[in-house]
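Remarks on the structure that follows.
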Amino acid sequence: MPFRDSFGKVRAGRYHALAPTLSPNVSTAADELLLKVMPPRAPRHLVVRQRWRVDGEALRDTPILLVEAPPGFGKTALLAQWRREHLSHGRAVAWLSAQSRDEPARLVQALALAVRIGAGRPTFGHTLLEGADGRHDPDGLAAMTVWLAEVAQTALDLVLLIDEADRLPPAGRHALAYLLRNLPANLRCIVAARPDGAVEIDDLIHYGLCVRLGASALRLRLEETIELVRLHGGGLGADATAWLHEQVEGWPLGLQLALSVQATGADLRGGGAPLLREALVGQLLDKLDPADTEFLIRVALLDPLHPALCRALLPDAGAEERLARLARDTPVFLLDEQGDWLRMHRLAREALRERFAALPVAVQTTLHTRAATWLAAHGQPEAAARHAYACGDPALACELAERSLYESFMAFGRQGTVLEWLARLPAEEVERRPRLLLAAAWSLALSERHDEAGRLVERLLGLPGGEDAALRCECALILGGAAVFADEPDRFAALHDPWAEHPPLHDPLLLQVHANRTAFRTLLDGDPALARLRQQQAPRQGHDGPALGYVNRWGELVTALTYLWEGQVLLAEQLLRPTLAHAEGQLGRRSLFACMLAALLASACWERDRADEATALLANRLDVIEHSALPEIVLLAYRTLARVALANGAEHRALELLQALHAVGVARRLPRLCVASLSEQVRLHARQGRTETCTTLCQRLDSVCTEAQRTHPHGPLWWRSTSLLRELAVGQAALARQDWRGALAAFTAADAVACAVRLGRQHIELLGLRAWVLARCGEPADALLHEAIGLADAHGLRRVFADAHPALGDWVQAQAQTTAPAAAPPPAAPALLRTMAPANGTALTPKEREVLTLLARHLSNKEIGRALQVGEETVKWHLKNLFAKLDAGTRQQVVQRARLLGLLEPLPG
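The sequence shown begins at 1461 in this note's numbering and counts up one residue at a time.
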């Protein structure tokens, strides 16, 4: 890695002179090995990987940790983090950077020197460092046994870090595997290597004695990317950072390249992306062998890749061996750790496809034809169709697309793929193929283009066989989905109810879709618990198979909606986190389904008062949500971001977002979004007492409702949710005028609607508002207040009162403090503590407190110095001050007296 090359001379100048002082009998070999056992300097912008902390749940008490990933995934940086953390826990840490010359004898000597330096034991490995040349121990196992025995005898709590283990020769790997299989109880080992089977310890992984972290585990999460960008001072907003994260796909080296380009002043998102690809080409592709570069250019048309597919594409290039080598030695490929398929990194693929486009047309056609033939023969009709279309065979492309697109959407949710083919194929070609028509109708129905779905359904029912009951039921499901996306719940109910009982369907996919719709229909009736029950009782044919995964997760989305409907944000969050992670992995972060799940989770996080997490979840997703998401999810996304902005003091940004929500309602012809926008604007202005603005907004709200009823009459389900928004706006406007009785009437009417349909969060908010208004009217409000506070605590709603009105939030907080039971008096201090006054000058400095804490762990001066990264003389100076301040003569007295004075936690019991 670049930083490893940059500090070699510094290390040589610093440590070379120490070699003769390590021991009078240290051999010349030890002097040569000295550099490889010195740990690297941690990078300046090292981001601590919180989920991979050594004391975290995933890695705690793990004797062996194997980190396998291609170059550029931050393996060495992660080892540097773990070294710091282990040192802070008082453990001795030995470091070894493996080399290709490390035959067993040399490897054992390096390990002995690593422990000698890392543990501060100048006599460790005396025999091994003077040892034989390996002629009498060719496999090194005898010497390794001696090393293991000496480690066990030291009784040190020792951690061994081995970097670049893939560079070891076969005999060295065998010796390392022997070491790992015979670890003493006081030794932990962390090995980092490229994923080429450098260390064959699969049995230890299966037995649970070793944890393996692959490339997917080392990939940066969005929150880690945000932190790294912040440390670099890039000045990027949440959307731009999320876009950058998606471009580099969490690849640490790719992010470093991107930040380097950003530092030059280029606007990556506004046209600087080619600069990023050029940086990648300059750093990587141009340094490859020309034959390797040509190979990558020709296979760049494939996504994903398989060794056999590459062999069919380039039969004379030694494709399988070349692909395996490039996947091991370069960061171009993202490995599928569960199989033989690989995927090119997005940046590399785009850069290589630019070069592929420059190849002669005949070459491109030949390659696309070979790819289409192989993919079609191996059960990949969707991918084969793309290549058939690219090589100029539209008839074959249509045939392959018809065979695959319906299953692609229904089983795997690839809506974007279907819409791309719909735009690519001639309309007459689509209309004469029923399976293509069905796929197109489904995809259009579950989007903002729901009107077009209706026309395709009419065409389907007009084809021969259109009277089939199963087909008509499926068409009702399609139109019902279109009605939901059109925010017409009454039309959805009318389409669903005739088929609610005993639908004439046989396909497990369609049966599960019908079950999801039944649960949603029950939710619209105001019974979220019954909706969940019906979702749970749905038929689960093939439940564990991949074909039902997507529609099952739609069921989880409906279940999450029922929890949010009730205000149960804790349960919603618990359900949504794994579902969102799976959707992002299968469909991509900016897929419509993943974006909708993220909006629901962001709403739950905001209610839990985690603004940063809510913002990160919605970063670079709002455009997808506003164009295609369910209306309720559009509302939640915009309202969450607006409330976050308002809480951060950016009222202008909150107003901009709410006005954008109104514009989305107009553009998608969803008047309820306009009503929600105006109602939320009233709430915002009521906080500041802007009575005229609130009055004007309420008038606009009434005009929207009137116009919606005139142009497109809605039924009671739509009006119920709309009337709730209107009553909330009327009540907030009354608060701005300090018309307490008017506000009470509006909030009481709104609460009646919320209770009728079990809208839990709105009910809790309205309980608090009613209690506050009653108190302002001089009437008893304690019962309502206590009920509201208790329900909010039970549901995990930390923002509900402050969001309703800041004065309500302050009042609830003040009332909760005044009515809280008095705290029990602290227990009397022991007599010794009551009579002993603190020693003169016991105000400790922060560094003295750190030394005192480590001293209480019985660490030596050297161990304290390593943990704090200071010299031993500095530790002695701090100890001298502690002796004086605590009037102690020994280290044990320092600790005991500090506990008596409350400077350290007392011993348990």
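C-beta atoms are modelled at their ideal positions from N, C-alpha and C, and glycine is treated no differently.
Residue i to residue j span [Cα, whole Å]
{"i": "Arg1809", "j": "Ala1760", "result": "6 Å"}
{"i": "Pro2176", "j": "Glu1684", "result": "47 Å"}
{"i": "Arg2351", "j": "Glu2111", "result": "58 Å"}
{"i": "Thr2302", "j": "Met1498", "result": "In this prediction, Thr2302 has a pLDDT of 39, which is less than 50 and means its spatial position is unreliable; what the coordinates show is noted afterwards. Looking at the two C-alpha atoms, the distance is approximately 39 Å."}
{"i": "Pro1924", "j": "Pro1894", "result": "10 Å"}
{"i": "Leu1856", "j": "Thr1829", "result": "11 Å"}
{"i": "Glu2026", "j": "Ala1537", "result": "45 Å"}
{"i": "Pro1629", "j": "Leu1664", "result": "21 Å"}
{"i": "Ala1700", "j": "Asn2108", "result": "19 Å"}
{"i": "His1705", "j": "Val1689", "result": "10 Å"}
{"i": "Pro2135", "j": "His2122", "result": "Inspection of the sequence shows that residue 2135 is occupied by Val rather than by Pro. Using only the alpha carbons, I get a separation of about 8 Å."}
{"i": "Met1409", "j": "Asp1515", "result": "Because the chain spans 1461 through 2369 in this model, residue 1409 falls outside it and cannot be assessed."}
{"i": "Ala1848", "j": "Val1917", "result": "28 Å"}
{"i": "His2246", "j": "Phe2261", "result": "13 Å"}
{"i": "Arg1544", "j": "Arg2326", "result": "9 Å"}
{"i": "Asp1662", "j": "Gln1541", "result": "25 Å"}
{"i": "Leu2364", "j": "Arg2317", "result": "11 Å"}
{"i": "Leu2292", "j": "Gln2353", "result": "Any reading at Leu2292 needs caution, since the residue's pLDDT is 33, under 50, leaving its predicted position unreliable; the model's value is listed next. Rounded to the nearest angstrom, the two C-alpha atoms are 15 Å apart."}
{"i": "Leu1756", "j": "Glu1590", "result": "49 Å"}
{"i": "Arg2068", "j": "Leu2101", "result": "14 Å"}
{"i": "Gly2220", "j": "Cys2065", "result": "17 Å"}
{"i": "His2003", "j": "Asn2080", "result": "Since pLDDT at His2003 reaches only 44, below the 50 mark, its modelled position is unreliable, and no value is offered."}
{"i": "Ala2348", "j": "Asp1521", "result": "36 Å"}
{"i": "Leu2130", "j": "Gly2009", "result": "30 Å"}
Which listed residue (the options) has its alpha carbon closest to that of residue i
{"i": "Leu2314", "options": "Ser1548, Pro1531, Arg1513, His1956", "result": "Ser1548"}
{"i": "Leu2244", "options": "Leu2226, Ala1625, Arg2258", "result": "Leu2226"}
{"i": "Arg1932", "options": "Trp2014, Asp1749, Trp1959", "result": "Trp1959"}
{"i": "Pro1712", "options": "Val1721, Arg1681, Gly1695", "result": "Arg1681"}
{"i": "Thr2075", "options": "Gln1510, Arg2103, His2246, Ala2168", "result": "Arg2103"}
{"i": "Val2311", "options": "Val2355, Val2272, Gly2349, Asp2270", "result": "Val2355"}
{"i": "Val2126", "options": "Val2164, Gln1569, Arg2258", "result": "Val2164"}
{"i": "Leu1717", "options": "Ala1579, His1910, Leu1807", "result": "Leu1807"}
{"i": "Gly1674", "options": "Val1651, Gly1695, His1692", "result": "Val1651"}
{"i": "His1634", "options": "Leu2118, Val1659, Asp1617", "result": "Val1659"}
Beta-carbon proximity check, residue i vs residue j, cutoff 8 Å
{"i": "Ser2139", "j": "Leu2185", "result": "yes"}
{"i": "Leu2144", "j": "Leu2188", "result": "no"}
{"i": "Leu2040", "j": "Leu2057", "result": "yes"}
{"i": "Gly1986", "j": "Ala2210", "result": "no"}
{"i": "Gly1585", "j": "Leu1601", "result": "no"}
{"i": "Glu2016", "j": "Leu1990", "result": "no"}
{"i": "His1974", "j": "Leu1984", "result": "no"}
{"i": "Arg1994", "j": "Thr1978", "result": "yes"}
{"i": "Gly2250", "j": "Leu2030", "result": "no"}
{"i": "Pro1644", "j": "Leu1608", "result": "yes"}
{"i": "Arg1788", "j": "Pro1655", "result": "yes"}
{"i": "Arg2377", "j": "Leu1526", "result": "Coverage of the chain is limited to positions 1461 through 2369, which leaves residue 2377 absent and any answer about it impossible."}
Own chain residues within Cβ distance below 6 Å of residue i, not counting five before or after
{"i": "Leu1904", "result": "Glu1912, Ala1913"}
{"i": "Cys2154", "result": "Val2142, His2145, Ala2146, Ala2193, Ala2196"}
{"i": "Phe1952", "result": "Gly1940, Ala1943, Val1944"}
{"i": "Ala2043", "result": "Phe2053, Ala2054, Leu2057"}
{"i": "Tyr1866", "result": "Arg1895, Leu1898, Ala1899"}
{"i": "Glu2152", "result": "none"}
Any non-hydrogen atom of the ligand ADP within 7 Å of residue i CB
{"i": "Thr2182", "result": "Only the bare structure without any ligand can be found here, which leaves the ligand ADP out of the picture."}
Beta-carbon proximity list for residue i, same chain, < 7 Å, skipping 5 on both sides
{"i": "Ser1557", "result": "Lys1496, Asp1623, Glu1624"}
{"i": "Arg2113", "result": "Ala2105"}
{"i": "Trp1834", "result": "Leu1769, Ala1772"}
{"i": "Arg1874", "result": "Ser1868"}
{"i": "Val1553", "result": "Arg1543, His1546, Leu1547, Gly1578, Val1619, Leu1621"}
{"i": "Ala1901", "result": "Ala1913, Leu1916, Val1917, Leu1920, Ile1938"}
{"i": "Ala2248", "result": "Ile2224, Leu2227, Gly2228, Ala2231"}
Cβ neighbours of residue i in the same chain (closer than 8 Å, five flanking residues each side left out)
{"i": "Thr2383", "result": "Nothing in the structure corresponds to residue 2383, since the chain is present only between 1461 and 2369."}
{"i": "Leu1493", "result": "Arg1566, Gln1569, Ala1570, Leu1573"}
| Within the segment 2218-2249, ranges of the alpha helix (DSSP H) (whole runs, at least 4 residues) | 2220-2236
| Start-end ranges of the beta strand (DSSP E) lying completely within the segment 1514-1581, minimum 3 residues | 1524-1528, 1552-1557
| Which ranges would you report for the alpha helix (DSSP H) in the segment 1953-2001 if only whole runs of at least 4 residues count? | 1968-1984, 1988-1996
| task | Within the segment 1688-1729, note down every full alpha helix (DSSP H) run reaching 4 residues or more, in order along the chain. | result | 1698-1708, 1712-1723
| Unbroken alpha helix (DSSP H) runs of length 4 or more, entirely within the segment 1752-1820: which are they? | 1767-1773, 1779-1789, 1806-1816
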